[in-house]
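> Let me give you the structure first, and then I'll get to my questions.
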């Protein structure tokens, strides 16, 4: 992917650029918001990673300007610690995702991958069913079948599985799952995600004697359906 | 002593005004009396002239009086009828029947008289009146006015100095209190003044403000001290783990574990800062702008669904206790976080097999448990940032969970209430709840 990075802190900027480059992306790194806006409007990028507070023009203003000009490029917003309303504000301004500093690189990596895929998917009519390997999800009736046998899931478990199926083999971090499934923008210290994932696995894997959800240590979970 | 200087200035100005006013009054008075004397003199002259012309001049009829002289000089008269200067009429002050010496020897008395002279049949007549009467009167008036003016000025000066000094003292007290406070004495207050004047009101207002500042400063001092204190442990652990990682690398061993442990400590430090910043931001109250109706029944359902299995996996149980939950105006995410914090506290600080309930009664939501509870006198303290009961010092968590819950409660215009679990007959356990209004 071709990624434009706006980050004024040299150490963080270098770290993100190197990490994303190593993950196979082409990264243009700018430190000034005004330059970033010019670059984003004159060149084509697959993803913009914008720091919220930058000199010249802050990341949020860059995002607003782009959206006002009907530029739909996916944007991941990076914000500072303790900004309670930033997520809401950022998403409202048209950001596709949001990440709070400081973050683990694996978190950024997973989100960048997810955003790139989202962009590639052409928005069509909303799907009423999802299929991944031998797993079928009926989104209207919230029913799940595996190998033709019904699997009884509660609403949170269904939503969790749906998120996994949609992830298309990409890493989902604990925080991403909390946001997508529980709509929590805070980090519980207890094992909310772990507990629900292990319950889901007990229902979707155990009766079939295989593994579809793998734990990626220090990163999160990966859904790998068997066909 | 600017107030005294002010009083003196005002008094001097007052004196000047009195002097000018006095001079004007005296000048006017002098003019007026002179005019009257002239009138009187004129009519007296006319009266005497008529007498003389009718009956002839008889000196016996006009004896020497203290204030009046009337003299007749037979012969031709060349003077005009009217007020004249004194020296012309020296003869009028000489013994009758003798002729005054034709010298210019001073004759003091002459100066003090006013003369009305004019021709009458067979000679000239002069009527004079002593002006000293008027001068005396003027003198008395001057003296009186001077005394009154001086007295008034002195009184004004004294009063001014007194009032000025008093005001100065009160202003000094205010400025002293402010500078003491500024220098770090947080107990400095203006104090005193029960008077209901401008300065009294100002003093009271200042004292109230100083009280608030005092509280704020103490709070933030505590806060800063607590942050520093609570960061000590994770920071030294971070240091130790990085040291271990370094040693592992030097020994050619596996450093990944030590580095992961160091990252975990860094995350804990981040969590502490994050919670502090969130509390600080929430305390500004700006989040209230995004309040929307929140169905508390629905909210606890979701929390229940999220935490039930987590709590069961820990060996405890979670029950839902709903009684006519209401819809309130609030921030759903923050209220969910508050409930999550309370549940996580319940997990962290109770033994296994504890029964935990998620409560939604009317506009109140909270968490009750059958654990050991906390001492009543700790009910207030546990919501202070970083406060922990001694037995839980070592457990995980940022130490800001309850402080954040309290901040969220306050944001919703509610208080965080602690009590024993009312569902337990033994009056033990703990029930923490937020009681909101609709």
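Protein chains in written order, with my numbering: chain S, 1 to 227; chain L, 1001 to 1438. For every residue, glycine included, the Cβ atom is placed at its ideal position computed from N, Cα and C.
1. I need the DSSP call for residue 1393/L, collapsed to helix, strand or coil.
2. Where does residue 1431/L sit, in a helix, a strand or coil, going by DSSP?
3. Name the chain L residues that come within less than 7 Å of residue 188/S, Cβ to Cβ?
4. Tell me the DSSP secondary structure of residue 5/S in three-state form.
5. Mark residue 1247/L as exposed unless 16 or more other C-beta atoms lie within 10 angstroms of its C-beta, in which case mark it buried.
6. Give the C-beta separation of residue 1131/L and residue 1113/L to the nearest angstrom, bearing in mind that I take them to be a contact with Cβ-Cβ under 8 Å.
7. Is the CB of residue 1313/L under 7 Å away from at least one CB in chain S?
8. Buried or exposed: residue 152/S, going by 16 or more other Cβ atoms within 10 Å of its Cβ?
9. In whole angstroms, what is the alpha-carbon distance linking residue 1268/L and residue 1230/L?
10. Work out the CA separation of residue 1059/L and residue 1051/L for me, nearest whole Å.
11. Is there at least one Cβ from chain S nearer than 7 Å to residue 1432/L's Cβ?
12. Give a yes or no on contact between the segment 1313-1323 of chain L and the segment 159-174 of chain S, applying the rule of three or more CB pairs nearer than 8 Å.
13. Output the distance between the C-alpha atoms of residue 1290/L and residue 1418/L, rounded to the nearest integer angstrom.
14. Apply the 10 Å Cβ neighbour rule to residue 1393/L and answer buried if 16 or more other Cβ atoms are within range, or exposed otherwise.
15. What is the rounded straight-line gap between the Cα of residue 1141/L and the Cα of residue 1054/L?
16. For a cutoff of 7 Å on Cβ pairs, would you count residue 102/S as touching chain L?
17. Cβ-heavy atom distance between residue 1165/L and the ligand SAM below 6 Å?
18. Is DSSP giving residue 25/S helix, strand or coil here?
19. Pick helix, strand or coil for residue 213/S, following the three-state DSSP scheme.
20. Sorted by chain position, which residues of the same chain lie with C-beta nearer than 6 Å to residue 1072/L's C-beta, five sequence neighbours on each side aside?
21. Considering only the beta carbon of each residue, do residue 62/S and residue 45/S sit closer than 7 Å?
22. Residues in the same chain with beta-carbon distance under 7 Å from residue 193/S, minus the five sequence neighbours each way, listed in chain order, please.
23. Give me the DSSP bridge partner(s) of residue 1124/L.
24. Can you give me the C-alpha to C-alpha distance between residue 1293/L and residue 1341/L, rounded to a whole angstrom?
25. On the premise that residue 1356/L lies in contact with residue 1339/L, defined as a C-beta separation below 8 Å, what is that separation, rounded to the nearest angstrom?
26. Within 10 angstroms of its Cβ, does residue 1048/L collect 16 or more other Cβ (buried), or is it exposed?
27. For chain L, find out if any of its Cβ atoms is closer than 7 Å to the Cβ of residue 17/S; answer yes or no.
28. Quick test of your reading: residue 1431/L and residue 1378/L, contact by CB under 8 Å. State the CB separation rounded to the nearest angstrom.
29. Applying a beta-carbon distance threshold of less than 9 Å, which residues of chain L neighbour residue 184/S?
30. Which residues of the segment 208-220 of chain S have a Cβ closer than 8 Å to any Cβ of chain L? Give them in chain order.
31. To the nearest angstrom, how far is it from the Cα of residue 1315/L to the Cα of residue 1354/L?
32. Taking Cβ positions only, does residue 1309/L come closer than 7 Å to chain S?
33. Rounded to a whole number of angstroms, what is the C-alpha to C-alpha distance between residue 1020/L and residue 1186/L?
34. Does any residue of chain L have a CB that is nearer than 7 Å to the CB of residue 11/S?
35. Comparing C-alpha positions only, which one of 1067/L, 1121/L, 1403/L, 1069/L sits nearest to residue 1079/L?
36. Assuming residue 1011/L and residue 1147/L make a contact with CB atoms under 8 Å, what is their CB distance in whole Å?
Walking through what the data contain:
1. As a position in the second chain, residue 1393/L is number 393, starting the count at 1. With a pLDDT of only 40 at residue 1393/L, under the threshold of 50, the placement of this residue in the model should not be trusted, and no figure is reported.
2. Working through the second chain from its first residue, we reach residue 1431/L at position 431. Note: residue 1431/L maps to strand in three-state DSSP.
3. For the purposes of this step, residue 188/S is taken as the residue at position 188 of the first chain. Under the 7 Å cutoff, chain L gives 1340, 1344.
4. For the purposes of this step, residue 5/S is taken as the residue at position 5 of the first chain. Residue state, collapsed to three classes: strand.
5. Against the second chain, residue 1247/L aligns to sequence position 247. Burial call: exposed.
6. Start at 1 with the first residue of the second chain, and residue 1131/L comes out as number 131. Start at 1 with the first residue of the second chain, and residue 1113/L comes out as number 113. Indeed they touch by this definition, with Cβ atoms about 6 Å apart.
7. To locate residue 1313/L, count along the second chain from 1; it is residue 313. So, interface residue.
8. Numbered from 1 along the first chain, position 152 holds the residue referred to as residue 152/S. Classification for residue 152/S: exposed.
9. Counted from its first residue, the second chain places residue 1268/L at position 268. Counted from its first residue, the second chain places residue 1230/L at position 230. Answer to the nearest angstrom: the Cα atoms are 11 Å apart.
10. Mapped onto the second chain, residue 1051/L falls at position 51. Mapped onto the second chain, residue 1059/L falls at position 59. Approximately 12 Å, taken between the alpha carbons.
11. Taking the second chain and counting its residues from 1, the one referred to as residue 1432/L is at position 432. Not one chain S Cβ lies under 7 Å of residue 1432/L.
12. no
13. Within the second chain, numbered from 1, the residue matching residue 1290/L stands at position 290. Within the second chain, numbered from 1, the residue matching residue 1418/L stands at position 418. Distance between the alpha carbons of residue 1290/L and residue 1418/L: 28 Å.
14. Counting from 1 along the second chain, the entry for residue 1393/L is found at position 393. Confidence at residue 1393/L is low in this model, with a pLDDT of 40, below 50, so the placement of that residue should be treated as unreliable; the coordinate-derived value is given next. Residue 1393/L is exposed by the Cβ-count criterion.
15. Within the second chain, numbered from 1, the residue matching residue 1141/L stands at position 141. Within the second chain, numbered from 1, the residue matching residue 1054/L stands at position 54. C-alpha separation (whole angstroms): 42 Å.
16. Taking the first chain and counting its residues from 1, one reaches residue 102/S at position 102. It does; some Cβ of chain L falls within 7 Å.
17. With respect to the ligand SAM, the structure offers nothing, as it holds no ligand at all.
18. In the first chain, the residue the question calls residue 25/S occupies position 25. Looking at residue 25/S - three-state DSSP - the assignment turns out to be coil, as it is neither helix nor strand.
19. Translated into the one-based positions of the first chain, residue 213/S becomes position 213. Reduced to three states, the DSSP call for residue 213/S is strand.
20. Counting from one through the second chain, the residue named residue 1072/L turns up at place 72. The answer, listed in chain order, is 1057, 1123, 1125.
21. Translated into positions along the first chain, residue 62/S becomes position 62. Translated into positions along the first chain, residue 45/S becomes position 45. No, these two residues do not count as a Cβ contact at 7 Å.
22. Indexing the first chain from 1 puts residue 193/S at position 193. These residues qualify, in order along the chain: 174, 177, 178.
23. On the second chain, residue 1124/L is found 124 positions in, with the first residue counted as 1. 1073/L, 1119/L.
24. For the purposes of this step, residue 1293/L is taken as residue 293 along the second chain, with counting starting at 1. For the purposes of this step, residue 1341/L is taken as residue 341 along the second chain, with counting starting at 1. Their Cα atoms are separated by approximately 21 Å.
25. Start at 1 with the first residue of the second chain, and residue 1339/L comes out as number 339. Start at 1 with the first residue of the second chain, and residue 1356/L comes out as number 356. Wrong, their Cβ atoms sit about 12 Å apart, outside the cutoff.
26. Taking the second chain and counting its residues from 1, one reaches residue 1048/L at position 48. The residue in question, residue 1048/L, is buried, as its Cβ has 16 or more Cβ neighbours within 10 Å.
27. The residue labelled residue 17/S in the question sits at position 17 within the first chain. No, residue 17/S does not count as interfacial toward chain L.
28. As a first step, residue 1431/L must be located in the second chain, where it is residue number 431. As a first step, residue 1378/L must be located in the second chain, where it is residue number 378. Not a contact, Cβ separation roughly 14 Å.
29. For the purposes of this step, residue 184/S is taken as the residue at position 184 of the first chain. Near residue 184/S (Cβ distances below 9 Å), the residues of chain L are 1306, 1333, 1336, 1337, 1340.
30. Within the segment 208-220 of chain S, the residues whose Cβ lies closer than 8 Å to some Cβ of chain L are 218, listed in chain order.
31. Locating residue 1315/L in the second chain gives position 315, counting from the first residue. Locating residue 1354/L in the second chain gives position 354, counting from the first residue. Roughly 8 Å separates the two Cα atoms.
32. Within the second chain, the letter at position 309 stands for residue 1309/L. Closer than 7 Å: yes.
33. By one-based count along the second chain, residue 1020/L stands at place 20. By one-based count along the second chain, residue 1186/L stands at place 186. Whole-angstrom Cα-Cα distance: 54 Å.
34. Residue mapping note: residue 11/S aligns to position 11 of the first chain, counting from 1. By this cut-off, residue 11/S is not an interface position.
35. By one-based count along the second chain, residue 1079/L stands at place 79. Of the listed residues, the one whose Cα sits closest to residue 1079/L is 1121/L.
36. Counting from one through the second chain, the residue named residue 1011/L turns up at place 11. Counting from one through the second chain, the residue named residue 1147/L turns up at place 147. Rounded to whole angstroms, the Cβ separation of residue 1011/L and residue 1147/L is 16 Å, and the two are not in contact under 8 Å.
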